[in-house]
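Number of protein chains: 2
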Amino acid sequence: MAGARVKIIPLGGYGEVGKNSTAIQCEDDLVAIDCGLMFPGGDLPGIDLAIPDCSYLVENRHRLRGLILTHGHEDHLGALPHVLPKLDVPVYGTKLTQGLLTVKLKEHGLRAKQVIVRPGERVAMGGMSAEFFHVNHSIPGCVGLALRTKAGIVVHTSDFKFDQTPTDGAPTDFGKLAELGARGALALICDCVRVERPGYTPSERVVAESLDQIFFDAPGRIIFTTFASNISRVQQALNAAYRFGRRMAIVGRSLENNVAVATELGYLEIPEDTLVGSERMGHYPAEEMVVAVTGSQGEPTSVLARIAADDHRQIKIAAGDTVIISASPVPGNEQTVSRTIDSLFRLGADVVYGALRPVHVSGHASQEEIKFILNLVRPQFCVPFHGDYRQMVLFQRLAGQLGFPAETVLLPELGQGIEFGDGKARFSERVQAGTVLVDGLTVGDVGQAVIRDRRQLAEDGVLLVSLVLDREKATLIGRPQIASRGFAYAREGDNLIEEACAHLLANLDHGPAGSAEQVSRAASDSLTRFVYERTHRRPLILPVVNEV
Amino acid sequence: MAGARVKIIPLGGYGEVGKNSTAIQCEDDLVAIDCGLMFPGGDLPGIDLAIPDCSYLVENRHRLRGLILTHGHEDHLGALPHVLPKLDVPVYGTKLTQGLLTVKLKEHGLRAKQVIVRPGERVAMGGMSAEFFHVNHSIPGCVGLALRTKAGIVVHTSDFKFDQTPTDGAPTDFGKLAELGARGALALICDCVRVERPGYTPSERVVAESLDQIFFDAPGRIIFTTFASNISRVQQALNAAYRFGRRMAIVGRSLENNVAVATELGYLEIPEDTLVGSERMGHYPAEEMVVAVTGSQGEPTSVLARIAADDHRQIKIAAGDTVIISASPVPGNEQTVSRTIDSLFRLGADVVYGALRPVHVSGHASQEEIKFILNLVRPQFCVPFHGDYRQMVLFQRLAGQLGFPAETVLLPELGQGIEFGDGKARFSERVQAGTVLVDGLTVGDVGQAVIRDRRQLAEDGVLLVSLVLDREKATLIGRPQIASRGFAYAREGDNLIEEACAHLLANLDHGPAGSAEQVSRAASDSLTRFVYERTHRRPLILPVVNEV
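As given, the protein sequences belong to chains S and G, one line each in that order. Heads up, this note's numbering is the position in the first sequence plus 8, with the first residue counted as 1. Heads up, this note's numbering is the position in the second sequence plus 8, with the first residue counted as 1.
Written out as structure tokens, the structure reads:
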């Protein structure tokens, strides 16, 4: 093995907005692990998604032996519809992951070479091989993997926690982790997103106990929401429904799709006589119904948001309804979720959410679980992934408590490859990487200027001024037209627009006006100053000159 | 007393955005308690502040006997510069509250009749009288009050918690609360914002212990931030600086102002040789310095945000710096604070924040303290204030556990008066109330249409089309001009703007174009459809027609 080198190249999720993707390269073989998306917050107005820049994979597609998906969450596979068409590579994943990917690809009219893998299985990928092992997370079919390379074993934890009593009965494969530790692992790529939390993340079983209590107490209908991909949680709600003699209906496209796929693939066990079509909701008394709906993040078009706005065709809140929000708000969604809860209370529902009862637990490892995996695997080197930069730093410190010297815990920037060989790690050359913004049909062309304009537009609105220029005489014709939107200027008895018009005329109307460009610039400057002096605001000023 | 009635009129902070204000009326006497503001989040783009609609106070100013400020926080006094000029009323408050109000009024070129009150003091206000009592909160000089009316005693808790070991040594006046209970209180207006939290809110002393440990460990400079009004916290940082032989400099206007006022009024004790001017920061070794700065919420123009952006003139992060964020993010600020922390870590600072150590405690009562005050005062009726609607509902439930029937805990909407008399409470007529949005120099004229436009502008940008119409011939002259900002349309090889122009001409150019208004509407409709079909986006389309 002497002399062989392996390179870990972080492409997404290492402290950046576009989510998880890692490339691993050894000699002429390249493997990619995950390719996810993020829904950015108000910070990037109007942006639908952020995905990793995968140019490196595209440029090296002749070396790319496989794309491994560790599980079916959007932040691990959501970028594939945008990236796969540029690659020609088999996609490896467990049955559920592949099922969810198929649904997603279909929506985009795409297909891929999908290879189903099972925990315990080992798959050759060029000169490397990947062995998959089961880990607990908030979706079934989640696997970590050990990538055997000529330079040593690289272990990727995927998103994980240690759940001793998970819904599906199978804890994280501690034995395999210990075995990899015994064999000697070169590097561990480790989920660090929950490193700020001391102790252990609670078991999914805690949620079952809460649900039992709530189902027992609820006087009427139960409306249940969680992440559409959280199949384990849907299983728990189904189990509770069965135990308390209720039927469950599913309302909301993503949840319906995921439940269908998970059921078909055997990841979801539907207790007898429990699931009913949403068209039959009304056939049962309220106290015998559970309705599972989309909208745990208060997404405006989701079923729960429409219920909260008293705007859903089928579901109206009635006295006695209990709403269970079995999810925590993703950072950035706190206010939306909070307002949804308020609206539901106002409509008369009882709402149970995380601050009141443990109806949600995280799918990610807390400090003690991170320590545990580090001590089980005892890798030579670690690379924390999935977290913000501060979480990467805190992971490094935590590992320090276990005796890992800081220089063995590497905190790369996106695109900053880390090369391992001969017992050493060093940063290698940087490859093109970063975040690509997706806005509607536009992928990647949403630049900083557009974002900056949108922020200004949101802040102070827009003022447009339209002028007509006589091309031959180079003089203005008629009065400037000024219109505004999203600009709050009115003060009593004030007529800012007319005064702005007059001001503009006074400034522009001296002799020849010059070229369209000159007129445009002069109008913009003059209006910007005038508006700021009068209102202390800076709306976006947009001049247009028509030449006739 | 038989037959006398008192009315509580909620004007701000009862589940709404504009913050705390309550009016209390008995016969021909009216008293207002607090008049605060909120800084709304991304939800109300470009809005600077939200304040309560105080029309009722203005219309009844001949009855208004006093405006009581319970403490100096923005969400209790921040609306005064906008409201006071319309009232002619003395303002009552403790020394620090008045000091902070004076600073604020001065900034607006205003003055008021300010009456300083002390805990224990009783002040007549028409036929009513207000007795003030000390409560613990995250600012000194905070008082609750008992308003004696002919119909009974109304107690207002202000923002409060029970701190057995507060920084200033004086716990909430439990004795007075018990006395009011013994006397028999008609109604309790009670802080409910933290009702979701079980147990007791930790004492401010917990923060002192954390600070000691951090100051002991910090190898270099300490940069400390908290809310500018949190004078107790500044005191704690000063105390820790003194204990560990460090000097403290203050950087940031609001913090400098508040420290100056609090020191002058005796609310802040500066340990000997501890405070130094910021111009002398460089004269001391890093390990002997603490710099207290503004920016605990990551506000873009604050000192800490500029430090985090590596953009502050005087303060650059160096290895060994420890940043202490002694505040929790206000709802809506989570992401900004999170990004600030990340940036500071990237620059090499160590950052200590709430998730890692108890460097902040809340100033509001948790469940056990709310139960305690309810059992001490045992009012006939309760009205929760300060919370969102869900917190008001949860307060009602908590009171239910203590034997308060639901109908004795009233959850009013803004403007919905509650009339008490003869042992009963009933909702009375509704008065004008609500939230007034302040945007720059514009107060109250920012309507929903402006907000809606801003949201659309932020989401998809703006597309403007300018046309020139020959007034006499009613035909278009020249080509339409189209310009866009914040609109991401580009796809490779695509020229949407030119095609949109052509499309528009094709649609409009048949014979007489009609009136300017008709042309404008036709252009807008045609362009909206075209752009949506091509991009699936809905930018704001702004047509302007110049008639020549």
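For every residue, glycine included, the Cβ atom is placed at its ideal position computed from N, Cα and C.
Give me the chain S residues within the contact set of residue i, using Cβ-Cβ distance strictly less than 7 Å, ordered along the chain.
i       : result
L364(G) : E204
S346(G) : P339 and D396
F353(G) : Y397, R398 and V401
G494(G) : V458, D461, R462 and L465
V454(G) : A496
A491(G) : L550 and V552
So for residue i, helix, strand or coil by DSSP?
i       : result
V322(G) : First, the residue type needs correcting, since residue 322(G) is Gln and not Val in the sequence shown. It is coil, neither helix nor strand.
R119(S) : coil
V583(G) : The structure shown does not extend to residue 583(G), since chain G is modelled only from 9 through 556, so no value can be given for it.
D461(G) : helix
Q305(G) : coil
C34(S)  : strand
E500(S) : In this prediction, E500(S) scores a pLDDT of 49, lower than 50, which makes its location untrustworthy; the coordinate-derived value is nonetheless stated afterwards. E500(S): coil per DSSP, three-state reduction.
V2(S)   : Given that chain S is displayed from residue 9 to residue 556, the structure contains no residue 2(S) and the question cannot be resolved.
I278(S) : coil
Q388(S) : coil
G177(G) : coil
A482(S) : coil
A132(S) : strand
N554(G) : strand
What's the call for residue i, buried or exposed, on a 16-neighbour Cβ count within 10 Å?
i       : result
P413(S) : exposed
D318(G) : exposed
N238(G) : buried
D468(S) : buried
N383(G) : exposed
L410(S) : exposed
P337(G) : buried
E500(S) : Residue confidence for E500(S) is low, a pLDDT of 49 falling below 50, so the modelled location carries little weight; the figure read from the coordinates is stated next. That one is exposed.
Q33(G)  : buried
V66(G)  : exposed
P48(S)  : buried
A457(G) : exposed
Check this for me: beta carbons of residue i and residue j, under 7 Å apart or not?
i       : j       : result
E376(G) : G189(G) : no
I325(S) : L283(S) : no
G149(S) : L77(S)  : no
T443(G) : V25(G)  : yes
L153(S) : H164(S) : yes
L219(S) : Q244(S) : yes
V298(S) : F232(S) : yes
N515(G) : S534(G) : yes
A471(S) : P547(S) : Correcting the residue type first, residue 471(S) is Leu in the shown sequence and not Ala. Their beta carbons are under 7 Å apart, which means L471(S) touches P547(S) by this criterion.
Alpha helix (DSSP H) containing residue i: first to last residue?
i       : result
F252(G) : Taken as a continuous stretch (DSSP letters only), F252(G) belongs to no alpha helix (DSSP H), as it is neither H nor E.
D83(G)  : E82 to L85
E264(S) : R261 to E272
S474(S) : Counting along the chain, S474(S) falls outside any alpha helix (DSSP H), though it belongs to the beta strand (DSSP E) covering V470 to D478.
S346(G) : E342 to R354
S534(G) : A524 to T543
Which residues bound the beta strand (DSSP E) around residue i?
i       : result
G101(S) : V99 to G101
G160(S) : G160 to H164
Could you tell me which chain G residues have their CB closer than 9 Å to the CB of residue i, listed as they occur along the chain?
i       : result
I485(S) : V476, N554 and V556
D319(S) : Chain G residues near D319(S): none, gap ~16 Å exceeds 9 Å.
E480(S) : The contacting residues do not exist; E480(S) stays about 13 Å from chain G at best.
List the residues of chain G that residue i touches, going by C-beta distances under 7 Å, in chain order.
i       : result
R314(S) : Ordered by position in chain G, no residue passes the 7 Å Cβ test against R314(S), which lies about 18 Å from the chain.
Can you pull the chain G neighbours of residue i, defined as C-beta to C-beta under 8 Å?
i       : result
G469(S) : G54, V458, D461, R462 and L465
D565(S) : For chain S, the structure presents residues 9 to 556; residue 565(S) sits outside this window and is missing.
Against residue i, what residues of chain S qualify as contacts under a CB-to-CB distance less than 8 Å, listed in chain order?
i       : result
D176(G) : Residues of chain S passing the Cβ test: none, with the nearest at roughly 30 Å.
V359(G) : R398
Within 6 Å: the Cβ of residue i and any heavy atom of the ligand HEM?
i       : result
G274(S) : Among the ligands in the structure shown, none appear at all, so the ligand HEM cannot be discussed.
How would you list, in chain order, the residues of chain S whose beta-carbon sits under 9 Å from the beta-carbon of residue i?
i       : result
Q305(G) : Residues of chain S passing the Cβ test: none, with the nearest at roughly 14 Å.
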